[in-house]
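**Q** Residue numbers (our numbering), protein chains in the order written: chain G, 2 to 237; chain D, 2 to 237; chain V, 2 to 237; chain C, 2 to 237. Following this message is one structure expressed as structure tokens.
4 protein chains.
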Amino acid sequence: MTSPERSTAPSEPVGGNERTPLTPRGRRTRAKLVDAARTVFERDGFGDARIMDIARLAGMSYGSFYTYFATKEEVFGEVARAMQHEMLSASEPPTAGGDAEPAPEPPVRVYDAVVRANRRYLVSYQRHARLMAVIEQAALRNEELFRIRREVREAFVDRSTAAIARWQAAGIADPALDPGYAASALGSMVDRFGYVWFVLDGSFEMDKAVDTLSRLWVQALGMTTETRLPDRRVAG
Amino acid sequence: MTSPERSTAPSEPVGGNERTPLTPRGRRTRAKLVDAARTVFERDGFGDARIMDIARLAGMSYGSFYTYFATKEEVFGEVARAMQHEMLSASEPPTAGGDAEPAPEPPVRVYDAVVRANRRYLVSYQRHARLMAVIEQAALRNEELFRIRREVREAFVDRSTAAIARWQAAGIADPALDPGYAASALGSMVDRFGYVWFVLDGSFEMDKAVDTLSRLWVQALGMTTETRLPDRRVAG
Amino acid sequence: MTSPERSTAPSEPVGGNERTPLTPRGRRTRAKLVDAARTVFERDGFGDARIMDIARLAGMSYGSFYTYFATKEEVFGEVARAMQHEMLSASEPPTAGGDAEPAPEPPVRVYDAVVRANRRYLVSYQRHARLMAVIEQAALRNEELFRIRREVREAFVDRSTAAIARWQAAGIADPALDPGYAASALGSMVDRFGYVWFVLDGSFEMDKAVDTLSRLWVQALGMTTETRLPDRRVAG
Amino acid sequence: MTSPERSTAPSEPVGGNERTPLTPRGRRTRAKLVDAARTVFERDGFGDARIMDIARLAGMSYGSFYTYFATKEEVFGEVARAMQHEMLSASEPPTAGGDAEPAPEPPVRVYDAVVRANRRYLVSYQRHARLMAVIEQAALRNEELFRIRREVREAFVDRSTAAIARWQAAGIADPALDPGYAASALGSMVDRFGYVWFVLDGSFEMDKAVDTLSRLWVQALGMTTETRLPDRRVAG
DNA sequence: TATGAATGAGCTTTCATTCAT
DNA sequence: TATGAATGAAAGCTCATTCAT
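Below, the structure is given as structure tokens:
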């Protein structure tokens with residue numbers, strides 16, 4: 002919408018402060034509205050969400066909504082950006098999702114890294130499932146949301162693409178695969194599995210799901226659960 | 002508006018063919034409306050689709066719409082059911098999608114069967130991509146659509162589940178995998194890949210996509226592209 | 002707004018048929034709405050006029066208003082155009098307003114022609130006074146209305162300008178005057194007099210008003226109430 | 002909202018100086034608001050003017066507006082009264098506008114006095130054109146504004162009426178004219194000419210406009226640009 | 001049947017005004 | 001006094017649905 006990515010400024014990660022001006026009280030009220038909006042959007046989707054429901058849930062009159070946001074799109078963008086931020090930051094920390102690189106100590110199983118990344122992703126997905134589905138809908142009709150959705154996806158896929166290429170270079174992954182295609186496919190697998198599980202209410206169990214997905218992931222690439230990155234000191 | 006009591010038939014959520022006309026002319030008119038509806042729903046989504054657009058596209062006044070359908074939900078259900086039918090029938094013919102069984106002649110590569118199934122699926126997906134996305138949205142808020150969506154999915158997953166179990170029994174697939182989990186995951190992979198490709202406009206190429214997905218599929222299950230079903234006459 | 006002058010098509014003089022489609026019934030309804038709109042606009046002005054009041058006065062629900070007009074501006078344009086048409090046509094017939102023109106028979110008093118024109122103008126003004134005032138307001142904020150207002154004015158002023166120039170050429174009007182300035186000033190005099198009289202409720206009497214204005218008019222131009230156009234056959 | 006009960010003082014329609022602040026600071030703040038209000042009203046008209054714009058332009062929060070004025074009508078009345086004052090005072094000083102007044106020295110051309118008055122009026126009009134147009138609109142729906150508008154007009158017309166009567170008595174103006182009608186008509190001429198010029202953006206040039214209007218004015222009354230008031234000492 | 005006029009629930013948005021701080 | 005958050009009456013407009021012809 003109006004405001005550009007604010008990815009560089011970690012202190013104001015969510016952005017979209019069109020009607021920013023705030024006293025402490027105002028800030029609290031605004032936050033309440035964003036929270037309420039998220040709940041309502043998750044429940045009703047974008048199109049069926051009513052401003053009045055948001056305001057009421059936030060404990061105020063609908064007029065107050067307009068003190069902070071100009072339109073429904075505006076809060077939605079805010080909510081979406083907040084989620085994007087959470088999803089992205091949740092997927093990096095220890096070892097970036099989908100790859101095994103920094104590998105501090107020599108012989109680490111690729112599988113273990115994949116397990117960690119997948120677990121992180123699914124746990125995060127669980128918390129945001131409904132909202133992501135809603136964003137996905139809305140994204141089909143809105144430029145910026147589409148971009149947000151794509152960025153989240155690309156962050157994962159890009160990382161995987163790089164990792165797969167590295168593994169191929171190291172001689173442990175199937176060289177016949179196109180890293181980009183494979184990364185997109187395997188990312189889709191985990192992503193969609195989360196959707197089926199958390200949104201469509203499939204009945205799965207976390208440990209087993211993580212294990213299955215991770216196994217499929219490494220084997221699909223031609224590795225086994227025991228495959229390790231060759232010791233660079235030796236290899237180099 | 003959004004979710005009215007359906008006092009007449011709570012057991013018939015989205016609508017049925019109560020008003021099915023029987024004159025040839027009526028049947029043609031109705032068909033025109035369903036076609037037009039599909040186009041409009043694909044373009045605008047369920048919520049933003051307007052009866053008037055559907056009627057106009059079908060070349061008639063909006064009043065006529067109600068001669069054939071009681072509500073917007075009703076046509077949508079019809080459109081969704083038609084698509085479900087096409088998707089399902091498109092995935093069975095030669096050799097059912099996602100498995101390699103009927104295998105007429107003795108030594109056939111699993112990979113080849115998977116390739117055929119995946120290609121069929123993606124080709125079919127391409128034709129229905131937008132509509133499936135729309136149905137997916139609507140399904141979150143409608144019982145029957147949800148069911149339709151699930152049925153399409155289950156048809157694929159169930160077939161794969163059975164196939165995987167068979168391959169495990171035949172000793173060619175990784176016995177450590179839960180067939181249900183694995184089938185769901187691999188089905189998700191192909192399904193989602195299609196979505197990213199056709200709806201989110203990813204840029205892929207058909208042959209390469211089919212090959213990559215099929216490779217990942219068989220390898221994920223612990224097979225290779227050369228793995229064949231053991232000759233049953235011998236095995237038995 | 003959307004539709005251009007339709008001045009050439011006398012059969013559809015009012016224009017603005019954005020939602021034209023009409024059955025006889027629809028045509029009647031639309032006409033009722035235009036009538037009602039005029040009344041409401043005269044009473045409340047543009048800004049304070051409520052669509053609901055218009056619809057109610059026309060004896061229908063406000064929703065029906067939107068069957069025929071997309072916005073308040075649209076009906077207003079229609080009403081304004083209708084008035085423009087009446088004003089303009091009311092000022093031409095017998096002998097065009099403000100000038101002494103073609104004068105069929107030789108010795109005709111300029112004063113008599115001016116009297117006729119002024120009377121016609123004031124009578125017409127009386128019928129449209131409130132509405133003109135409202136249009137004038139609205140015109141300050143709307144392109145097309147501004148144009149309409151200006152066209153009505155120019156029709157009068159241009160005719161006067163030409164007449165004054167003719168009289169000067171004939172040697173009966175003060176040659177020191179700029180015809181354009183003088184025509185604008187004298188036109189303003191009659192126009193504004195009408196406003197003061199009919200809108201601000203000045204108390205005047207028709208015959209006396211017409212006589213005074215006409216006298217002032219001819220004398221201002223350096224003529225008297227007895228001045229006649231010289232016989233052209235003689236002059237030529 | 003629009004016309005609330007004014008429980009405190011029904012006899013004081015538009016507002017008064019109930020809240021007149023007395024500290025120097027308060028007076029300054031209030032003045033800033035009136036100035037800002039004038040600007041905003043000129044730009045947006047009464048209906049579209051927003052309190053917030055006024056307050057912001059005056060450099061303060063909108064809450065402060067209500068420290069000084071109870072309603073939008075109230076500031077508008079203040080602005081209108083200020084303009085009335087300026088217009089009236091601008092038209093009297095040297096020699097009152099529209100008449101040939103106290104004529105200090107014996108033989109003075111009526112034309113010269115009229116020129117002075119008309120120039121003063123047009124110059125003043127130029128400064129107040131937009132605002133007068135706005136007041137005129139608002140006046141149609143508000144008692145007091147209507148009164149203000151009428152007072153400004155009458156001040157001019159009454160003076161002219163008296164002057165014309167004097168000139169008729171002196172034998173230099175056409176005795177057939179009703180002084181009241183003529184004064185209203187000629188006043189309208191100048192007034193409306195100013196409107197067409199400054200509000201409707203007619204293109205005129207000051208000296209020529211003043212000369213034309215003044216010539217028309219004296220000639221309309223049966224005088225010439227050379228007519229002088231007879232020396233009273235002689236006449237008397 | 002086909003048509004399109006009529007209806008009104010429902011939603012968004014604006015903004016003057018009130019009021020706690 | 002000054003501030004700006006909160007309020008809610010009011011309107012405009014959309015569109016599914018009903019109904020007379």
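Positions of the beta carbon are idealized from the N, C-alpha and C atoms, including for glycine. All of these numbers come straight from a predicted model, not from anything done at the bench.
Assuming D:L178 contacts G:R57 under a Cβ cut-off of 8 angstroms, what Cβ separation, rounded to an integer in Å, is found between them?
**A** For the purposes of this step, residue 178 of chain D is taken as the residue at position 177 of the second sequence. For the purposes of this step, residue 57 of chain G is taken as the residue at position 56 of the first sequence. The C-beta distance from D:L178 to G:R57 rounds to 48 angstroms, too long to meet the 8 angstroms contact threshold.
**Q** Determine the chain G residues that contact D:T213 at a beta-carbon separation under 8 angstroms, and present them in chain order.
**A** Position 212 of the second sequence, counting from 1, holds the residue named residue 213 of chain D. By Cβ distance, chain G contributes L178, D179, Y182, A183 and A186.
**Q** Counting only C-beta atoms, is G:K209 closer than 8 angstroms to chain D at any point?
**A** The count along the first sequence starts at 1 and reaches residue 209 of chain G at position 208. So yes, G:K209 belongs to the interface.
**Q** Taking all protein chains shown into account, decide if C:Q246 is buried (16 or more other Cβ within 10 angstroms of its Cβ) or exposed.
**A** With chain C represented from 2 up to 237, any question about residue 246 of chain C goes unanswered, as that position is not in the structure.
**Q** Determine the closest residue to V:M53 out of V:S62, V:R31 and V:R131, with distance taken between C-alpha atoms.
**A** By one-based count along the third sequence, residue 53 of chain V stands at place 52. It is V:S62 whose Cα lies nearest to the Cα of V:M53.
**Q** Near C:P180, what residues of its chain come up, given a Cβ to Cβ distance below 6 angstroms and the 5 sequence neighbours on each side ignored?
**A** Start at 1 with the first residue of the fourth sequence, and residue 180 of chain C comes out as number 179. Counting only Cβ-Cβ distances below 6 angstroms, and skipping sequence neighbours, we find T162, I165 and A166.
**Q** Given a cut-off of 8 angstroms on the beta-carbon distance, is the pair G:S189 and D:V197 in contact?
**A** As a first step, residue 189 of chain G must be located in the first sequence, where it is residue number 188. As a first step, residue 197 of chain D must be located in the second sequence, where it is residue number 196. Yes.
**Q** Cβ of C:A170 less than 8 angstroms from any chain V Cβ?
**A** By 1-based counting over the fourth sequence, the position of residue 170 of chain C is 169. So no, C:A170 is outside the interface.
**Q** Does the CB of D:D192 have a neighbour CB from chain G at under 8 angstroms?
**A** Start at 1 with the first residue of the second sequence, and residue 192 of chain D comes out as number 191. Output row for D:D192: interface = yes.
**Q** Would you say G:S325 lies against chain D (beta-carbon separation less than 8 angstroms)?
**A** Outside the displayed span of chain G (2 to 237) sits residue 325 of chain G, for which this structure offers no information.
**Q** Ignoring anything shorter than 4 residues, give me the alpha helix (DSSP H) runs that lie fully in the region 29-99 of chain D, in order along the chain.
**A** 52-58, 63-69 and 73-91
**Q** How big is the Cα-Cα spacing for D:F253 and G:L123?
**A** Outside the modelled stretch of chain D, which goes from 2 to 237, sits residue 253 of chain D, for which no answer is possible.
**Q** For D:V191, which residues of its own chain have a beta-carbon under 8 angstroms away from its beta-carbon, when the five flanking residues on both sides are left out?
**A** As a first step, residue 191 of chain D must be located in the second sequence, where it is residue number 190. The answer, listed in chain order, is N119, Y122, L123, L214 and W218.
**Q** Would you mind telling me which residues of chain C sit closer than 8 angstroms to V:L217, beta carbon to beta carbon, in chain order?
**A** Taking the first residue of the third sequence as position 1, residue 217 of chain V is located at position 216. Chain C residues near V:L217: L178, A183, A186, L187, A221 and L222.
**Q** Can you pull out the residues from the region 111-141 of chain G whose beta carbon lies closer than 7 angstroms to at least one beta carbon of chain D?
**A** Within the region 111-141 of chain G, those residues whose Cβ lies closer than 7 angstroms to any Cβ of chain D are, in chain order, A134, Q138 and L141.
**Q** With D:F47 and D:V153 assumed to form a contact (beta carbons below 8 angstroms), what rounded beta-carbon distance in angstroms separates them?
**A** For this step, residue 47 of chain D is matched to residue 46 along the second sequence. For this step, residue 153 of chain D is matched to residue 152 along the second sequence. About 17 angstroms separates the two Cβ atoms, so there is no contact after all.
**Q** Under a CB-based cut-off of 8 angstroms, is D:D175 close to chain G?
**A** Against the second sequence, residue 175 of chain D aligns to sequence position 174. Taking Cβ atoms only, chain G reaches closer than 8 angstroms to D:D175, which makes this a yes.
**Q** Can you confirm whether C:G27, when its beta carbon is compared against all beta carbons of chain V, has any partner nearer than 8 angstroms?
**A** Position 26 of the fourth sequence, counted from the start, is the residue given in the question as residue 27 of chain C. No, C:G27 lies away from the interface with chain V (no Cβ there is under 8 angstroms from its Cβ).
**Q** By the criterion of Cβ-Cβ separation under 8 angstroms, what are the contact partners of G:R151 in chain D?
**A** Here residue 151 of chain G refers to the residue found at position 150 when the first sequence is read from its first residue. In chain order: L201.
**Q** Compare the beta carbon distance of D:R148 and D:E43 with 8 angstroms and say whether it is the shorter of the two.
**A** Locating residue 148 of chain D in the second sequence gives position 147, counting from the first residue. Locating residue 43 of chain D in the second sequence gives position 42, counting from the first residue. Contact: no.
**Q** Starting from V:G78, find everything on chain C with Cβ-Cβ shorter than 8 angstroms and list it in chain order.
**A** Residue 78 of chain V sits at position 77 when you count from the first residue of the third sequence. Neighbours of V:G78 on chain C: none; closest Cβ ~19 angstroms, over 8 angstroms.
**Q** Roughly how far, in whole angstroms, is the beta-carbon of D:L222 from the beta-carbon of D:D175, given that I think they are within contact range, below 8 angstroms?
**A** On the second sequence, position 221 is the one that residue 222 of chain D refers to. On the second sequence, position 174 is the one that residue 175 of chain D refers to. Right, their Cβ atoms sit about 6 angstroms apart.
**Q** Are the CB atoms of C:A140 and C:L89 within a distance shorter than 8 angstroms?
**A** If you number the fourth sequence from 1, residue 89 of chain C lands on position 88. If you number the fourth sequence from 1, residue 140 of chain C lands on position 139. Cβ atoms of C:L89 and C:A140: not closer than 8 angstroms.
**Q** What residues match up with G:R229 in a beta bridge as DSSP calls it?
**A** One-based indexing of the first sequence puts residue 229 of chain G at position 228. In the DSSP output, where bridge partners are listed per residue, G:R229 has G:R110.
**Q** List, in chain order, every chain D residue whose beta-carbon is nearer than 9 angstroms to that of G:F42.
**A** Here residue 42 of chain G corresponds to residue number 41 of the first sequence, with the count starting at 1. Neighbours of G:F42 on chain D: none; closest Cβ ~12 angstroms, over 9 angstroms.
**Q** When the Cα of V:A50 is compared with those of C:A37, C:R110, C:R142 and C:R29, which residue comes out closest?
**A** Counting from one through the third sequence, the residue named residue 50 of chain V turns up at place 49. Residue C:R142 holds the alpha-carbon nearest to the alpha-carbon of V:A50 among C:A37, C:R110, C:R142 and C:R29.
**Q** V:Q220 and C:Q85 look like a contact to me (Cβ under 8 angstroms); what is the Cβ gap, rounded to whole Å?
**A** Mapped onto the third sequence, residue 220 of chain V falls at position 219. Mapped onto the fourth sequence, residue 85 of chain C falls at position 84. Incorrect: roughly 32 angstroms between the Cβ atoms, too far for contact.
**Q** Is there a C-beta anywhere in chain C that falls below 8 angstroms from the one on V:G244?
**A** The structure shown does not extend to residue 244 of chain V, since chain V is modelled only from 2 through 237, so no value can be given for it.
**Q** In the structure shown, what three-state DSSP assignment does D:S189 receive?
**A** Start at 1 with the first residue of the second sequence, and residue 189 of chain D comes out as number 188. In this structure, DSSP gives D:S189 a helical state, which the three-state scheme calls helix.
**Q** Work out the CA separation of G:V116 and G:I173 for me, nearest whole Å.
**A** On the first sequence, position 172 is the one that residue 173 of chain G refers to. On the first sequence, position 115 is the one that residue 116 of chain G refers to. Going from the Cα of G:I173 to the Cα of G:V116 covers about 18 angstroms.
**Q** Buried or exposed for D:S204, please, with buried defined as at least 16 other CB atoms from any protein chain shown within 10 angstroms of its CB.
**A** The residue labelled residue 204 of chain D in the question sits at position 203 within the second sequence. Under this definition D:S204 is an exposed residue.
**Q** Taking just the CA atoms, how far does D:M207 sit from D:D113?
**A** Within the second sequence, the letter at position 112 stands for residue 113 of chain D. Within the second sequence, the letter at position 206 stands for residue 207 of chain D. Roughly 16 angstroms separates the two Cα atoms.
**Q** Within the 8 angstroms Cβ cut-off, does C:F157 reach chain V?
**A** As a first step, residue 157 of chain C is located in the fourth sequence; it is residue number 156 there, counting from the start. So, not an interface residue.
**Q** Less than 8 angstroms between C-beta atoms, sequence neighbours within five positions excluded: which residues of the same chain meet that for C:A210?
**A** If you number the fourth sequence from 1, residue 210 of chain C lands on position 209. These residues qualify, in order along the chain: L123, F194 and W198.
**Q** Under three-state DSSP, which class holds C:E206?
**A** As a first step, residue 206 of chain C must be located in the fourth sequence, where it is residue number 205. Here C:E206 sits in coil by DSSP.
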